[in-house]
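S.K.: Protein chains in written order, with the numbering used here: chain A, 1 to 552; chain B, 1001 to 1099.
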Amino acid sequence: MYVYDSFDRQFVGHRVEQFRDQVARRLSGELSEEQFRPLRLMNGVYLQLHSYMLRVAIPYGTLSSRQLRTLARIARTHDKGYGHFTTRQNIQFNWPSLEAIPDILAELAEVEMHAIQTSGNCIRNVTSDHFAGASADEVVDPRPYAEILRQWSSLHPEFSYLPRKFKIAITGAPQDRAAIRFHDIGLQVVKSEAGEIGFRVFVGGGLGRSPFVAWTLREYLAEKDLLSYVEAILRVYNLYGRRDNKYKARIKILMHEAGLETVRGEVEAEFERIREGALELPAGDVARIARHFAPPAFATLPATSEAEGRALRADPAFARFVAHNVTPHKVPGHASVTISLKPVGGVPGDATAEQMEVVADLAEAHGFGEIRVSHRQNLILPHVARDALPEIFARLSEAGLAHANAGLVGDTITCPGLDFCALANARSIPVAKDISTRFADPARAAEIGPLDIKISGCINACGHHHVGAIGILGVDRKGKEFYQLTLGGSPDETAAIGDSAGPGFWPHEVAGAVETLVDTYLKLRAGEETFLATYRRVGLAPFKEALGDGAR
Amino acid sequence: MQIVTANRLGDGRVVFRDRGGRWVEVLAAAVVLSKDEAAAAVEAASADVAARLIVEPYAVDVSETAAGIEPKTMREKIRAGGPTSGSETIALAALERAA
């Protein structure tokens, strides 16, 4: 993992003291709320419905066990004993007092974490594939480049007041687990035919009230040009992005209005001007940062594990867990384990302090101390020996964390919704709880197979509903919560935005409507087809017809 | 009928204006006012904003029934009653088990 250098330590430490002073001045009345609001937002502090909320950045979703223990301690001492993992691989604390936040930030700084740029019109925390450095299909580990982008974008003076927020995602695998085509900039690390590392660059993807699949701005960008090119994109956006209308200010609208060729021309011109300048990446620097992400000392193991095999034969619950929550690793005899934070009838993405500590224990005992947060709101142990899977499963079971549903119907992405969020129009969490309860039978969930359900409590789409195979959007209909469904969305390399399935449903009807859709799929599917594959083959009509009178 | 609500500056918690002009956490203690009275109370609350007690005071439509005061919108029902998600109950149970 990356370790802070003296510059990182200095700016993070300095920011803690600066914010401590700003909070003191707010509480003493020296600063008004109007003056203070932008300052607190620059430090990830929101005022939500019930309390302040602190959003902490987890750089590209990578945590050490020590960092996770600190998050657990903060949850216990400064919050109500839990934290909420978000769809941008961050963690949110829902109940900190303003007075306590400087102390929380100081605790975070001790483990090289902060809340800078988790809000505001700046470059947000860079997100990545949660299996980075581990997955069998990976071409290049994206984390060194994610770290280079983190360093470049942190406190970047030119880009601290953009037209709107700006999100970058990066993956190094052909299978896109980071939704790069739905980010302001999406980067796919690739290898050229000559074996050189470069990037495929996507621009202008996004969700929210105007969803767009990203445009391909460049098929191949040389490694050394990463920052020059990304800076050129940001400059063009900063100059031409609209500032007259908040809803038209993201780079996707610039792409939509100005067109790919115009933006590409501007970016290439700026790139030509600044390339081979100060931002060119020296090979030595890339290698120095990449050393922080060197593979841990994996044992030499046979590809299959006898201990795992015995447990598979003895325990059907373990077998289900392995089938759904264990992912092939690039190193023989190893695997990545998804710890689903989606209990049946539970709150998606929440983890108690105790659960965080159990995960930290397991990471230390079996996984080189490494943990990842996925944008699907789960935790990952990226590097474990398959021999350890039975023991890991047993510990997770004791901690209420062995939900064998990763990627299945119960593994929803769900925003906090109107239970917490000041922007929401409707609740999301109760809808997710209804759905996971209705599909609680693990045999039935396995029979249904992979199914992405994504739920947002407002059009801002933090729950990524547009890219759910079934997307659910909560709206306000004459003061009441009401839910609209979309079908056929996909966040991966087959990127698609879902189609509207009709007017919508009242809260108590949503899980039933999902069941209708699932039953329709099961009737129509051919062979091993997933829900999404069936939808793509047969189209919207049979599903819409099945919803029938339910949709008003 | 309306009540006046805000968030407390120090910890952000939801508070309601009571009969004595104090800010209390319990919805049942809120003073129910006519629309005009509520507008005046919001105006008066700016002194408490200046005094650093609260932020963003505003009036909320409510109905008064035998069961007590009930905000009309779901948002204000949730602000008054807390999240319906159960997150706090689950975490509290875990804390109690650990203790």
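Ideal Cβ placement from N, Cα and C applies to all residues, glycine included.
What did DSSP end up calling residue 1072 of chain B once you bin it into helix, strand or coil?
M.R.: Here residue 1072 of chain B is taken as the residue at index 72 of the second sequence, counted from 1. In this structure, residue 1072 of chain B counts as coil in the three-state DSSP scheme.
S.K.: Tell me, please, which residues DSSP counts as bridged to residue 1064 of chain B.
M.R.: Reading the second sequence from its first residue, position 64 is the one you call residue 1064 of chain B. DSSP lists B:1069 as partners of residue 1064 of chain B.
S.K.: According to a CB-to-CB cut-off of less than 7 Å, which residues of the stretch 416 to 450 of chain A neighbour chain B?
M.R.: Those would be 418, 419, 420, 427, 429, 430, in chain order.
S.K.: Roughly how many angstroms lie between the CA atoms of residue 271 of chain A and residue 498 of chain A, to the nearest whole one?
M.R.: For this step, residue 271 of chain A is matched to residue 271 along the first sequence. For this step, residue 498 of chain A is matched to residue 498 along the first sequence. Each residue's alpha carbon lies about 35 Å from the other.
S.K.: Using beta carbons (cut-off 8 Å, strictly below), is residue 1025 of chain B in contact with chain A?
M.R.: Working through the second sequence from its first residue, we reach residue 1025 of chain B at position 25. Not an interface residue.
S.K.: Using beta carbons (cut-off 8 Å, strictly below), is residue 1071 of chain B in contact with chain A?
M.R.: On the second sequence, position 71 is the one that residue 1071 of chain B refers to. No, its Cβ sits nowhere closer than 8 Å to a Cβ of chain A.
S.K.: Does DSSP put residue 443 of chain A in a helix, in a strand, or in coil?
M.R.: What you label residue 443 of chain A is simply residue 443 of the first sequence in a count that begins at 1. It is helical.
S.K.: Near residue 433 of chain A, which residues of its chain fall below 6 Å by C-beta distance, leaving aside the five closest residues on each side in sequence?
M.R.: Reading the first sequence from its first residue, position 433 is the one you call residue 433 of chain A. Excluding residues within five positions, the ones whose Cβ falls inside 6 Å are 345.
S.K.: Kindly list, in the order they appear in chain A, the residues whose Cβ is closer than 8 Å to that of residue 1017 of chain B.
M.R.: Within the second sequence, the letter at position 17 stands for residue 1017 of chain B. Chain A residues near residue 1017 of chain B: none, gap ~18 Å exceeds 8 Å.
S.K.: Kindly indicate if chain A contains any beta-carbon less than 8 Å away from that of residue 1012 of chain B.
M.R.: Taking the second sequence and counting its residues from 1, one reaches residue 1012 of chain B at position 12. Closer than 8 Å: yes.
S.K.: Whole angstroms are fine: how far does the CA of residue 421 of chain A sit from the CA of residue 1009 of chain B?
M.R.: On the second sequence, residue 1009 of chain B is found 9 positions in, with the first residue counted as 1. On the first sequence, residue 421 of chain A is found 421 positions in, with the first residue counted as 1. Rounded to the nearest angstrom, the two C-alpha atoms are 18 Å apart.
S.K.: Can you grab the Cα-Cα spacing for the pair residue 14 of chain A / residue 44 of chain A, in whole Å?
M.R.: Counting from one through the first sequence, the residue named residue 14 of chain A turns up at place 14. Counting from one through the first sequence, the residue named residue 44 of chain A turns up at place 44. Spanning the two alpha carbons is a distance of roughly 16 Å.
S.K.: Let's see if you can read the secondary structure: which residues bound the alpha helix (DSSP H) around residue 1017 of chain B?
M.R.: For this step, residue 1017 of chain B is matched to residue 17 along the second sequence. No alpha helix (DSSP H) holds residue 1017 of chain B; the beta strand (DSSP E) holding it covers 1014 to 1017.
S.K.: Mind the definition here: the stretch 1048 to 1056 of chain B touches the stretch 18 to 38 of chain A only if three or more C-beta pairs lie below 8 Å; say whether that holds.
M.R.: Contact holds: three or more Cβ-Cβ distances are below 8 Å.
S.K.: Are residue 1049 of chain B and residue 1001 of chain B touching if we call contact CB-CB under 8 Å?
M.R.: Against the second sequence, residue 1049 of chain B aligns to sequence position 49. Against the second sequence, residue 1001 of chain B aligns to sequence position 1. No.
S.K.: When the cut-off is 8 Å and only beta carbons count, does residue 1001 of chain B lie next to chain A?
M.R.: Counting from one through the second sequence, the residue named residue 1001 of chain B turns up at place 1. Taking Cβ atoms only, chain A never reaches closer than 8 Å to residue 1001 of chain B, which makes this a no.
S.K.: Please confirm whether residue 1057 of chain B has its beta-carbon closer than 8 Å to some beta-carbon of chain A.
M.R.: For this step, residue 1057 of chain B is matched to residue 57 along the second sequence. Residue 1057 of chain B does not count as touching chain A.
S.K.: Tell me whether residue 304 of chain A is buried or exposed, calling it buried when 16 or more other Cβ atoms sit within 10 Å of its Cβ.
M.R.: Here residue 304 of chain A is taken as the residue at index 304 of the first sequence, counted from 1. With fewer than 16 other Cβ atoms within 10 Å, it is exposed.
S.K.: Is residue 355 of chain A helix, strand or coil when you go by DSSP?
M.R.: Position 355 of the first sequence, counted from the start, is the residue given in the question as residue 355 of chain A. Residue 355 of chain A falls in the helix class under three-state DSSP.
S.K.: So what does DSSP say about residue 1007 of chain B, is it helix, strand or coil?
M.R.: Translated into the one-based positions of the second sequence, residue 1007 of chain B becomes position 7. Of the three classes helix, strand and coil, the one that applies to residue 1007 of chain B here is strand, per DSSP.
S.K.: Taking DSSP as the reference, what is the three-state secondary structure of residue 102 of chain A?
M.R.: Here residue 102 of chain A is taken as the residue at index 102 of the first sequence, counted from 1. Note: residue 102 of chain A maps to helix in three-state DSSP.
S.K.: Look up residue 481 of chain A in the DSSP assignment and give the residues it is bridged to.
M.R.: Here residue 481 of chain A refers to the residue found at position 481 when the first sequence is read from its first residue. Residue 481 of chain A is bridged to A:476.
S.K.: What three-state label does DSSP hand residue 145 of chain A in the structure shown?
M.R.: Counted from its first residue, the first sequence places residue 145 of chain A at position 145. Residue 145 of chain A: helix per DSSP, three-state reduction.
S.K.: Out of A:153, A:487, A:255, A:526, which has the shortest C-alpha to C-alpha gap to residue 451 of chain A?
M.R.: Along the first sequence, read from residue 1 onward, the residue named residue 451 of chain A stands at position 451. Considering only alpha carbons, the answer is A:487.
S.K.: Evaluate the contact criterion for the stretch 359 to 367 of chain A versus the stretch 84 to 101 of chain A: three or more CB pairs, one atom per stretch, below 8 Å.
M.R.: Because the criterion of three Cβ pairs below 8 Å is not met, the stretch 359 to 367 of chain A and the stretch 84 to 101 of chain A do not touch.
S.K.: Nearest to residue 168 of chain A by CA position, among A:175, A:147, A:445, is which residue?
M.R.: What you label residue 168 of chain A is simply residue 168 of the first sequence in a count that begins at 1. Checked all of A:175, A:147, A:445; the closest Cα to residue 168 of chain A is A:147.
S.K.: DSSP three-state call for residue 1092 of chain B: helix, strand or coil?
M.R.: Within the second sequence, residue 1092 of chain B is the residue found at index 92, counting from 1. Reduced to three states, the DSSP call for residue 1092 of chain B is helix.
S.K.: What residues are listed by DSSP as bridge partners for residue 454 of chain A?
M.R.: Indexing the first sequence from 1 puts residue 454 of chain A at position 454. Answer is A:413, A:471, bridged to residue 454 of chain A.
S.K.: Between which two residues does the alpha helix (DSSP H) holding residue 161 of chain A run?
M.R.: Start at 1 with the first residue of the first sequence, and residue 161 of chain A comes out as number 161. Neither: residue 161 of chain A is in no alpha helix (DSSP H) and is coded neither H nor E.
S.K.: Does the stretch 199 to 216 of chain A come into contact with the stretch 390 to 408 of chain A, if we say contact requires no fewer than three beta-carbon pairs (one atom in each stretch) closer than 8 Å?
M.R.: Judged by Cβ distances under 8 Å, the stretch 199 to 216 of chain A makes no contact with the stretch 390 to 408 of chain A, as fewer than three pairs qualify.
S.K.: Please classify residue 1044 of chain B: is it buried, with 16 or more other beta-carbons within 10 angstroms of its beta-carbon, or exposed?
M.R.: Counted from its first residue, the second sequence places residue 1044 of chain B at position 44. When all chains shown are included, residue 1044 of chain B counts as exposed.
S.K.: Can you give me, in chain order, the residues of the stretch 1081 to 1096 of chain B that have a beta carbon less than 8 Å from any beta carbon in chain A?
M.R.: The residues in question are 1082, 1083, 1084, 1085, 1086, 1087, 1088, 1090, 1091, 1092, 1094, 1095.
S.K.: Tell me the residue span of the beta strand (DSSP E) that contains residue 241 of chain A.
M.R.: Against the first sequence, residue 241 of chain A aligns to sequence position 241. No beta strand (DSSP E) holds residue 241 of chain A; DSSP gives it neither H nor E.
S.K.: Do you know offhand how far residue 522 of chain A's Cα is from residue 26 of chain A's?
M.R.: Here residue 522 of chain A corresponds to residue number 522 of the first sequence, with the count starting at 1. Here residue 26 of chain A corresponds to residue number 26 of the first sequence, with the count starting at 1. Rounded to the nearest angstrom, the two C-alpha atoms are 58 Å apart.
S.K.: Taking contact to mean at least 3 C-beta pairs separated by less than 8 Å, is the stretch 127 to 141 of chain A in contact with the stretch 100 to 116 of chain A?
M.R.: No: fewer than three Cβ pairs fall under 8 Å.
S.K.: Which stretch, first to last residue, makes up the alpha helix (DSSP H) that contains residue 38 of chain A?
M.R.: Position 38 of the first sequence, counted from the first residue, corresponds to residue 38 of chain A. Per DSSP, residue 38 of chain A belongs to the alpha helix (DSSP H) from 33 to 41.
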